[in-house]
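Asker: Attaching a single structure in structure tokens format; questions to follow.
Protein chains: 2
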Amino acid sequence: MAAAAGVSTAAVSQAFNEKGRLAEPTRRRILDAAAELGWSPSASASALRSARTRTLALVVRRPTDVLGADPHFSELITGIEGELAPRGYGLLLHLVAGVDEESALYERLASEGRVDGAVLTDARADDPRPALLRRIGLPSVLLGAPDPEASVPTVGLGNQGAGVHEAVDHLLGLGHRRIAYVSGPAELQHTRLRRTAFEETLELVGLRPAAVLSTDFSESAAVAATEELIGSAERPTAIVYANDSMAVCGIGTAQRAGLAVPRDLSVVGYDNLPLGRWLHPRLTTVDQQVQRVGAAAARVLLARCGEDVPETPLEGRPHLVVRESTGPATPC
Amino acid sequence: MAAAAGVSTAAVSQAFNEKGRLAEPTRRRILDAAAELGWSPSASASALRSARTRTLALVVRRPTDVLGADPHFSELITGIEGELAPRGYGLLLHLVAGVDEESALYERLASEGRVDGAVLTDARADDPRPALLRRIGLPSVLLGAPDPEASVPTVGLGNQGAGVHEAVDHLLGLGHRRIAYVSGPAELQHTRLRRTAFEETLELVGLRPAAVLSTDFSESAAVAATEELIGSAERPTAIVYANDSMAVCGIGTAQRAGLAVPRDLSVVGYDNLPLGRWLHPRLTTVDQQVQRVGAAAARVLLARCGEDVPETPLEGRPHLVVRESTGPATPC
Chain A
1 MAAAAGVSTA
11 AVSQAFNEKG
21 RLAEPTRRRI
31 LDAAAELGWS
41 PSASASALRS
51 ARTRTLALVV
61 RRPTDVLGAD
71 PHFSELITGI
81 EGELAPRGYG
91 LLLHLVAGVD
101 EESALYERLA
111 SEGRVDGAVL
121 TDARADDPRP
131 ALLRRIGLPS
141 VLLGAPDPEA
151 SVPTVGLGNQ
161 GAGVHEAVDH
171 LLGLGHRRIA
181 YVSGPAELQH
191 TRLRRTAFEE
201 TLELVGLRPA
211 AVLSTDFSES
221 AAVAATEELI
231 GSAERPTAIV
241 YANDSMAVCG
251 IGTAQRAGLA
261 VPRDLSVVGY
271 DNLPLGRWLH
281 PRLTTVDQQV
291 QRVGAAAARV
301 LLARCGEDVP
311 ETPLEGRPHL
321 VVRESTGPAT
331 PC
Chain B
1 MAAAAGVSTA
11 AVSQAFNEKG
21 RLAEPTRRRI
31 LDAAAELGWS
41 PSASASALRS
51 ARTRTLALVV
61 RRPTDVLGAD
71 PHFSELITGI
81 EGELAPRGYG
91 LLLHLVAGVD
101 EESALYERLA
111 SEGRVDGAVL
121 TDARADDPRP
131 ALLRRIGLPS
141 VLLGAPDPEA
151 SVPTVGLGNQ
161 GAGVHEAVDH
171 LLGLGHRRIA
181 YVSGPAELQH
191 TRLRRTAFEE
201 TLELVGLRPA
211 AVLSTDFSES
221 AAVAATEELI
231 GSAERPTAIV
241 YANDSMAVCG
251 IGTAQRAGLA
261 VPRDLSVVGY
271 DNLPLGRWLH
281 PRLTTVDQQV
291 QRVGAAAARV
301 LLARCGEDVP
311 ETPLEGRPHL
321 VVRESTGPAT
331 PC
């Protein structure tokens, strides 16, 4: 834009902000050139600056203690950093309490030219963020099920329900009929997708969930949910958890109550975190390749920020990794 | 400085950069005033800008996969973010491969005015970072044992060896005589401090370590070290690990080899991560209050960046939390 008008980027900024010592004819020339190009400062000011921030934003709207407790975020950050670090990029991490705070933050980051782009996580129903980021001209990528209709690129494994579907099939094959689900917060898109997959898979064989309990993903909520389930009159013989951290808490809680895993209770996690491979019993879980998805999202975003990054489409879908925490159902 | 010379901060910048349309007498006046005040632009340029970034840097020199594997960093980030988030601050996370890259990054962040300050982690022997950050005028705080001699404020619990000392005393009291230590990378200051505490505590009662093995903190290294220890002719009856992740891997590895914890092998971790409370057996570990130290470091740094943050000195020392993974020694 500055080149088109034959002026400096500072002059363009002054023309739009009506500041500085710009002569009126110069200001007119700049505004005319902008109108001709269909250019607006809100859409391009950050882009002008962005070539040099080498910073991408990750804004997380979760309680801070869950960030510490759920290794999912470390895995995601690890995947993103794996692409950023070799290119000298950093990741600006912000924790926010609410939607309004999150929106105001993106506006500030864009107007101050603090970041080149943003990775959006925890996609929600009627998510206002993609439209907001388009409006303020900040490149972004949304983590979640691929959606060609979305106004920003979405990056995630296809068929998000496939992993839970496989997990329930696996448990049905082992003879389980009373299967419970310990879910995450209902407002998260992936929580709803997985819960639906859980219920639909049981429905295909004419079964209903033994129970579906919602949690805030915290360890104490996982322990409470597990105690409720194993203390119930019709105790489930298998529990599927919405993440590995909760599944590990569930195994500990069951063992403490005198149940052997998997003899008395089968447990399935979700995430395939490194730790699950080393526990005893080793955790059966759904591999959703968090690191790989994080890396793919970072690559798409880097490309949108003008970096020369090869386009490697993300293929595959979540799949079950059968280890030792699931076994044949034993009626109790 | 600008006020002392009676000019704008932009003029000061122009005088030192020999750019802009500054009259020579003005330039002279600015340089003279600077000389009189002992002021240099490298020390203050970033400070001038810093009031508006609301960003602190955390540069981590570790392999990216360890960041995902070791929840210590999530805990640290959680502690820091707990202070940053309510004040609208973000944390700029960079992963670097080597010392030179780390130094170049601080120089770039300071010269581009990207951050207001930096939290330095993984203190090393002859650490070049505090002097570098002072030179480039970037406020910083070093995580580690309090050191009044250090050129930047250090934030950490006093008596860093106390936790390991307590752990060894606890094991000695349970009748253990063959105690091994699985350590972190030798070049890290906290690794050396804890290893020394381990060896000195045994020496006090005339014992030597059954073994001391170094690792890169990874899970596979923890498994390999544990297999080596439990497969040795003089198998240790207790193992102290340098962090909780490795201790959890150690328990799984021992159980898989047919050993019961703590009946056949006592295990002690280090960090007191939330997960250890829910495992079966619950993990005996050293609480080094990672979140609390991170929060305290953030507060000290925010105060140095001009924020109105109350000074709450960090008291206490690492201490042992006895749970279920340690028990009486049984000769094998």
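As you go down the protein sequences, you meet chains A and B in turn. All residue numbers for the first sequence refer to the UniProt record's numbering, where the first residue is 1 and numbers rise by one. All residue numbers for the second sequence refer to the UniProt record's numbering, where the first residue is 1 and numbers rise by one. Every residue, glycine too, gets a C-beta built ideally from N, C-alpha and C.
1. Distance cutoff 9 Å, beta carbons only. Does Ala-97 (chain A) sit that close to anything in chain B?
2. Between Tyr-106 (chain A) and the rest of its own chain, which residues show a CB-CB distance below 8 Å, the 5 nearest in sequence each way excluded?
3. Please classify residue 364 (chain B) as buried or exposed, where buried requires at least 16 neighbouring CB atoms within 10 angstroms.
4. Give the straight-line distance between the Cα atoms of Ala-221 (chain B) and Arg-124 (chain A), rounded to the nearest whole angstrom.
5. Would Val-248 (chain A) count as contacting chain B if we go by Cβ distances under 9 Å?
6. What is the residue span of the alpha helix (DSSP H) that Tyr-106 (chain B) lies within?
7. Can you look up Val-248 (chain A) in the DSSP assignment and give me helix, strand or coil?
8. Mind checking whether Arg-62 (chain A) and Leu-91 (chain A) have CB atoms under 9 Å apart?
9. For the beta strand (DSSP E) that Leu-213 (chain B) lies in, which residues bound it at each end?
10. Out of A:Gly-258, A:Ala-260, A:Ala-242, A:Ser-325, point me to the one whose CA is closest to Asp-271 (chain A)'s CA.
11. The beta strand (DSSP E) spanning Ala-118 (chain B) covers which residue range?
12. Just to make sure I have the definition right: I need the residues of chain A whose C-beta is within less than 8 Å of the C-beta of Val-223 (chain B). Which are they?
13. Taking 6 Å as the limit between beta carbons, can you name the residues of its chain near Ala-162 (chain A), skipping five residues before and five after?
14. Indicate the three-state DSSP secondary structure (helix, strand or coil) for Ser-325 (chain A) in the structure shown.
15. What residue range does the beta strand (DSSP E) around Gly-269 (chain B) cover?
16. Roughly how many whole angstroms lie between the Cα atoms of Arg-282 (chain A) and Glu-324 (chain B)?
17. List the residues that DSSP assigns as beta-bridge partners of residue 348 (chain A).
18. For a contact defined as C-beta to C-beta under 8 Å, what are the partners of Ala-85 (chain B) on chain A?
19. Below 8 Å between beta carbons is the criterion; list the residues of the stretch 254–266 of chain A that meet it against any residue of chain B, in chain order.
20. Among B:Pro-86, B:Ile-80, B:Gly-250, which has the Cα closest to the Cα of Leu-93 (chain B)?
21. Within its chain, find whatever has a CB closer than 6 Å to the CB of Thr-284 (chain B); leave out the 5 residues flanking it on each side and keep chain order.
22. Which residues in the same chain as Val-261 (chain A) place their Cβ atom closer than 7 Å to its Cβ, once the five residues preceding and following it in sequence are excluded?
23. Rounding to the nearest angstrom, what Cα-Cα distance links Leu-265 (chain B) and Arg-235 (chain B) in this structure?
24. Under 9 Å, Cβ to Cβ, is there at least one residue of chain A near Ser-46 (chain B)?
25. For Thr-312 (chain A), name the three-state secondary structure that DSSP assigns.
26. Does any CB atom of chain B fall closer than 9 Å to the CB of residue 412 (chain A)?
27. Run the CB neighbour count on Thr-312 (chain A), radius 10 Å, all protein chains shown included, and call it buried at 16 or more, exposed below.
28. Since Thr-55 (chain A) meets chain B, which of its residues come closer than 8 Å, beta carbon to beta carbon?
29. In its own chain, which residues sit with a C-beta less than 6 Å from the C-beta of residue 391 (chain B), not counting the 5 before and 5 after it?
30. Measure the C-alpha to C-alpha separation of Val-155 (chain B) and His-176 (chain A) and round it to an integer number of angstroms.
31. Do you know offhand how far Val-99 (chain A)'s Cα is from Arg-304 (chain A)'s?
32. List the whole-angstrom C-beta distance separating Arg-54 (chain B) from Gly-88 (chain B), where the pair is believed to meet the contact cut-off of C-beta under 8 Å.
33. Could you check how far apart the C-beta atoms of Ser-214 (chain B) and Ser-245 (chain B) are, in whole angstroms? I think they sit under 8 Å.
34. So, helix, strand or coil for His-319 (chain B), using DSSP?
35. Could you please give the first and the last residue of the uninterrupted beta strand (DSSP E) stretch that includes Gly-90 (chain B)?
36. Are Val-164 (chain A) and Val-240 (chain A) close, meaning C-beta to C-beta below 9 Å?
Answerer: Reading from the atomic positions:
1. In the first sequence, the residue the question calls residue 97 (chain A) occupies position 97. By the rule that beta-carbons nearer than 9 Å mark a contact, Ala-97 (chain A) touches chain B.
2. Taking the first sequence and counting its residues from 1, one reaches residue 106 (chain A) at position 106. If you ignore the 5 residues before and after Tyr-106 (chain A), its C-beta comes within less than 8 Å of the C-beta of Ala-57, Val-59, Ala-118, Arg-129, Leu-132, Leu-133, Ile-136, Leu-138, all in its own chain and listed in chain order.
3. The shown model of chain B, from 1 to 332, leaves out residue 364 (chain B), and the question about it has no answer.
4. Within the second sequence, residue 221 (chain B) is the residue found at index 221, counting from 1. Within the first sequence, residue 124 (chain A) is the residue found at index 124, counting from 1. Going by the C-alpha atoms only, they are around 39 Å apart.
5. For the purposes of this step, residue 248 (chain A) is identified with residue 248 of the first sequence, where counting begins at 1. So yes, Val-248 (chain A) belongs to the interface.
6. Within the second sequence, numbered from 1, the residue matching residue 106 (chain B) stands at position 106. From DSSP, the alpha helix (DSSP H) with Tyr-106 (chain B) extends over 99–111.
7. Working through the first sequence from its first residue, we reach residue 248 (chain A) at position 248. Taken through DSSP and simplified to helix, strand or coil, Val-248 (chain A) comes out as helix.
8. Residue 62 (chain A) sits at position 62 when you count from the first residue of the first sequence. Residue 91 (chain A) sits at position 91 when you count from the first residue of the first sequence. In this structure, Arg-62 (chain A) keeps its C-beta atom at 9 Å or more from the C-beta atom of Leu-91 (chain A).
9. Here the question's residue 213 (chain B) lines up with position 213 in the second sequence. The continuous beta strand (DSSP E) containing Leu-213 (chain B) extends over residues 211–214.
10. For the purposes of this step, residue 271 (chain A) is taken as the residue at position 271 of the first sequence. Across the set A:Gly-258, A:Ala-260, A:Ala-242, A:Ser-325, the C-alpha of A:Ala-242 shows the shortest separation from the C-alpha of Asp-271 (chain A).
11. In the second sequence, counting from the first residue as 1, residue 118 (chain B) sits at position 118. It spans 117–120 - the beta strand (DSSP E) in which Ala-118 (chain B) sits, taken as one unbroken run.
12. Locating residue 223 (chain B) in the second sequence gives position 223, counting from the first residue. Ordered by position in chain A, the residues that pass the 8 Å Cβ test against Val-223 (chain B) are Trp-278.
13. What you label residue 162 (chain A) is simply residue 162 of the first sequence in a count that begins at 1. Here the set comprises Arg-317, Pro-318.
14. Within the first sequence, residue 325 (chain A) is the residue found at index 325, counting from 1. In the structure shown, Ser-325 (chain A) sits in coil (DSSP, three-state: anything other than H, G, I, E or B).
15. By 1-based counting over the second sequence, the position of residue 269 (chain B) is 269. Run containing Gly-269 (chain B): 266–270, per the beta strand (DSSP E) assignment.
16. Here residue 282 (chain A) refers to the residue found at position 282 when the first sequence is read from its first residue. Here residue 324 (chain B) refers to the residue found at position 324 when the second sequence is read from its first residue. Taking the CA atoms as reference points, Arg-282 (chain A) sits about 20 Å from Glu-324 (chain B).
17. Residue 348 (chain A) falls outside the range modelled here, since chain A spans only 1 to 332, and no answer is possible.
18. For the purposes of this step, residue 85 (chain B) is taken as the residue at position 85 of the second sequence. Simply Thr-64, His-94, Leu-95, Val-96, Ala-97.
19. Look at the stretch 254–266 of chain A: the residues with a C-beta under 8 Å from a C-beta of chain B are Gln-255, Arg-256.
20. One-based indexing of the second sequence puts residue 93 (chain B) at position 93. The candidate whose alpha carbon is nearest that of Leu-93 (chain B) is B:Ile-80.
21. As a position in the second sequence, residue 284 (chain B) is number 284, starting the count at 1. Around Thr-284 (chain B), the same chain offers Val-268, Val-322, Arg-323, Ser-325, Thr-326 as residues with beta carbons nearer than 6 Å, after the five sequence neighbours per side are excluded.
22. The sequence position of residue 261 (chain A) within the first sequence is 261, counting from 1. Contacts found: Ile-251, Ala-254, Gln-255, Val-267, Pro-281, Ser-325.
23. Indexing the second sequence from 1 puts residue 265 (chain B) at position 265. Indexing the second sequence from 1 puts residue 235 (chain B) at position 235. Using only the alpha carbons, I get a separation of about 9 Å.
24. Reading the second sequence from its first residue, position 46 is the one you call residue 46 (chain B). For Ser-46 (chain B), the predicted model reports a pLDDT of 40, less than 50, meaning its position is unreliable and no value from the coordinates is stated.
25. Taking the first sequence and counting its residues from 1, the one referred to as residue 312 (chain A) is at position 312. Thr-312 (chain A) falls in the coil class under three-state DSSP.
26. Here chain A covers residues 1 to 332 and nothing more, so residue 412 (chain A) does not appear.
27. Taking the first sequence and counting its residues from 1, one reaches residue 312 (chain A) at position 312. Classification of Thr-312 (chain A): exposed, given that the 10 Å Cβ count is below 16.
28. As a first step, residue 55 (chain A) is located in the first sequence; it is residue number 55 there, counting from the start. Identification of chain B residues near Thr-55 (chain A) by a Cβ-Cβ cut-off of 8 Å yields Leu-92, Arg-114, ordered along the chain.
29. No statement about residue 391 (chain B) is possible, as the shown extent of chain B runs from 1 to 332 and does not include it.
30. On the second sequence, position 155 is the one that residue 155 (chain B) refers to. On the first sequence, position 176 is the one that residue 176 (chain A) refers to. If I take the Cα positions, the gap works out to 53 Å.
31. In the first sequence, residue 99 (chain A) corresponds to position 99, counting from 1. In the first sequence, residue 304 (chain A) corresponds to position 304, counting from 1. Taking the straight line from one Cα to the other gives about 25 Å.
32. Locating residue 54 (chain B) in the second sequence gives position 54, counting from the first residue. Locating residue 88 (chain B) in the second sequence gives position 88, counting from the first residue. By a beta-carbon distance limit of 8 Å, Arg-54 (chain B) contacts Gly-88 (chain B). Their separation comes to about 6 Å.
33. What you label residue 214 (chain B) is simply residue 214 of the second sequence in a count that begins at 1. What you label residue 245 (chain B) is simply residue 245 of the second sequence in a count that begins at 1. Contact doesn't hold; Cβ gap of about 16 Å is too wide.
34. Working through the second sequence from its first residue, we reach residue 319 (chain B) at position 319. In the structure shown, His-319 (chain B) falls within a strand segment according to DSSP collapsed to helix, strand and coil.
35. Locating residue 90 (chain B) in the second sequence gives position 90, counting from the first residue. Gly-90 (chain B): member of the beta strand (DSSP E) spanning 90–95, first to last residue.
36. Locating residue 164 (chain A) in the first sequence gives position 164, counting from the first residue. Locating residue 240 (chain A) in the first sequence gives position 240, counting from the first residue. The beta carbons of Val-164 (chain A) and Val-240 (chain A) sit closer together than 9 Å.
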